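Residue numbers (UniProt numbering): 1 to 267.
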């Protein structure tokens with residue numbers, strides 16, 4: 001292993017401690033471009049780096065979009081126009097980040113993946129196609145949704161044979177795949193079915209859960225249960241015709257199979 005490789009990993013860890021996530025991304029991109037199988041630690045560093053740079057902008061987009069809608073409802077067209085320009089700027093940043101990691105995945109990480117665990121982990125990062133679909137419209141939204149579905153399905157196919165139902169990466173995949181069905185495809189029945197099946201399968205094998213992954217797995221199981229509760233209660237309430245679920249209401253982990261302190265529920 002080259003000195004530059006080891007230095008990039010070390011600098012990524014340093015950037016994480018300093019909360020300089022853009023630099024953490026650049027260092028982990030250098031590691032990923034080595035075209036070799038990343039260790040679990042390196043994989044999680046990559047995930048944490050991109051999750052933080054995208055997460056901040058997703059949160060900004062939701063806030064700005066909400067303010068824009070309020071100004072439009074008040075008839076404040078001038079302010080709404082300014083906000084739209086600002087929102088578009090955030091969307092360009094979101095798009096660039098998503099395309100960046102998706103290119104790294106397609107060119108380097110997925111072709112280099114050897115183990116079932118790493119294959120599931122990288123295909124699950126189809127999350128970034130979902131993030132594109134969150135703010136896109138028309139053909140772009142359709143294309144991003146289709147690519148996200150393909151990635152999640154590829155991850156699911158491998159997970160079904162390679163990972164135990166209690167494995168935190170398999171559970172995290174089911175969690176995010178169900179959020180995709182609910183929020184992007186507006187398919188609450190499929191979302192609930194997928195989440196419930198993953199939860200029930202994990203419960204059935206809970207006694208086989210290893211001590212090292214117990215905390216991560218049970219946290220994600222709790223998030224699955226929380227979403228099921230939220231979604232079933234939402235279905236019971238009358239909804240305006242054609243209304244879509246509010247983005248960000250569902251919960252997903254900040255990272256999958258990362259150290260426990262990195263596991264956070266998204267908004």
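Built from N, CA and C at the ideal position, the CB exists for glycine as well.
On a predicted model such as this, the values are computed, not experimentally measured, just so you know.
Nearest neighbour of residue 6 by Cα position, chosen from 21, 25, 174 and 30, turns out to be 30. Straight across, the Cα-Cα distance linking residue 96 with residue 123 is about 19 angstroms.
Judged by DSSP secondary structure, residue 207 falls outside any alpha helix (DSSP H); it is assigned neither H nor E. Counting the other CB atoms within 10 Å of its CB gives residue 37 a total below 16, which places it among the exposed residues. Per DSSP, the unbroken alpha helix (DSSP H) holding residue 116 starts and ends at 116-124.
Of the residues assessed, residue 160 falls on the exposed side of the cut-off, its CB having fewer than 16 other CB atoms within 10 angstroms. Residue 168 sits in a helix when the DSSP states are folded into three classes.
Per DSSP, the unbroken alpha helix (DSSP H) holding residue 15 starts and ends at 3-17. Ranked by Cα distance from residue 104, the first of 8, 183 and 46 is 46. Residue 176 and residue 156 have their C-alpha atoms some 11 angstroms from each other. Here residue 130 has 148, 180 and 184 as same chain residues with Cβ atoms under 7 angstroms from its own Cβ, once five neighbours each way along the sequence are excluded. Under the three-state reduction of DSSP, residue 20 is assigned to coil, being neither helix nor strand. Annotation: residue 210 to residue 168 spans about 11 angstroms, alpha carbon to alpha carbon. Exposure of residue 233 is indicated by the presence of fewer than 16 other C-beta atoms within 10 angstroms of its C-beta. Between the segment 134-152 and the segment 196-206 there are fewer than three inter-stretch CB-CB distances shorter than 8 angstroms, so the stretches are not counted as touching.
In the structure shown, residue 186 adopts coil according to DSSP, grouped into three states. The three-state secondary structure of residue 137, taken from DSSP, is coil.
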